[in-house]
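If you read the sequence shown in this note's numbering, its first letter stands for residue 1135, the second for the next number, and so on. Only one structure is covered here, and it is reproduced in the block below.
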Amino acid sequence: PGLVLAVVGAAVFGAGLDIAVATLSLAYLPYVARVVRSGALRERALPYISALEMLGMSGPRICLRHLVPNLLPLVLVQATTSFGYTMLDVAAFSFIGLGTQPPSAEWGLMVAGGTPGILAGRPEQSLYAGAVIVVFVVACNVLGSGLSRRLLGAQR
1135 PGLVLAVVGA AVFGAGLDIA VATLSLAYLP YVARVVRSGA LRERALPYIS
1185 ALEMLGMSGP RICLRHLVPN LLPLVLVQAT TSFGYTMLDV AAFSFIGLGT
1235 QPPSAEWGLM VAGGTPGILA GRPEQSLYAG AVIVVFVVAC NVLGSGLSRR
1285 LLGAQR
């Protein structure tokens, strides 16, 4: 769904990195919102929130001083994982010619630039750029998983 929205954005606003990032960010927003809402509902059901309400603390103050700090680790983990997938989508977008335009240095353009070499028996440029993309996405996922274990711990 993210790539479809990005293609529509490129058709309406033109090709470019800023359009690709904006449309992909918009496409990933519901996933982040769902995770945050789930965490907020779980946190809201805890007894300390009821105790704060009984003490007369206002809703916005409870939200800003207690809910938001407790949800930040959840958002950080989700953002780290989503960042890797967004970079993969941006590279795919540039590969098909709707993202960053030459002469910019971008992984999708590097893979696309190496396609003539594949046909000539020299696939190194595409292989190296593709390997870097894979390593980056895996690193983002490992970082997100590590942050999840470290920051969320027993909440998982």
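Where a beta carbon is used, it is the ideal one built from N, C-alpha and C, also for glycine.
Consult DSSP for residue i and reduce its assignment to one of helix, strand or coil.
| i | result |
| --- | --- |
| L1149 | For the sequence presented, residue 1149 should be read as Ala rather than Leu. Three-state DSSP puts A1149 in coil, outside helix and strand. |
| R1256 | coil |
| P1164 | helix |
| L1250 | A small fix is needed here, since residue 1250 is Pro in this sequence, not Leu. Looking at P1250 - three-state DSSP - the assignment turns out to be helix. |
| G1231 | coil |
| A1156 | helix |
| A1122 | Summary: the structure shown does not reach residue 1122, with the chain confined to residues 1135 through 1290, and so no result is reported for it. |
| A1239 | coil |
For residue i, collect the residues of the same chain with a Cβ closer than 8 Å to its Cβ; drop the 5 residues on either side in sequence, then sort them by chain order.
| i | result |
| --- | --- |
| L1281 | P1207, L1210, V1211 and T1214 |
| Y1162 | G1136, S1216, Y1219 and T1220 |
| I1252 | S1260 |
| L1139 | T1157, L1158, L1160 and A1161 |
| R1178 | L1201 |
Using alpha carbons as the reference points, say which of the options lies closest to residue i.
| i | options | result |
| --- | --- | --- |
| E1240 | V1266, C1197, S1216 and G1287 | V1266 |
| L1277 | V1169, G1218, G1193 and G1287 | G1218 |
| V1141 | C1274, A1226, G1264 and L1163 | A1226 |
| N1204 | D1223, Y1182 and A1273 | Y1182 |
| L1186 | L1201, V1146, V1272 and G1264 | L1201 |
| L1261 | C1274, N1275, A1273 and G1242 | G1242 |
| A1154 | T1249, L1253, L1286 and G1233 | G1233 |
| L1158 | S1192, S1228 and G1193 | S1228 |
| V1224 | L1189, A1144 and L1151 | L1151 |
Quick one: what's got a C-beta closer than 7 Å to residue i's C-beta in the same chain, skipping five residues either side?
| i | result |
| --- | --- |
| G1247 | Q1259 |
| F1270 | G1218 and M1221 |
| V1169 | L1208 and Q1212 |
| F1147 | I1153 |
| C1274 | T1214, T1215, F1217 and G1218 |
In its own chain, which residues sit with a C-beta less than 6 Å from the C-beta of residue i, not counting the 5 before and 5 after it?
| i | result |
| --- | --- |
| I1196 | L1186 |
| G1264 | V1245 |
| message | At 4 residues or longer, what runs of the alpha helix (DSSP H) sit wholly inside the stretch 1173 to 1224? | response | 1181 to 1188 and 1193 to 1196
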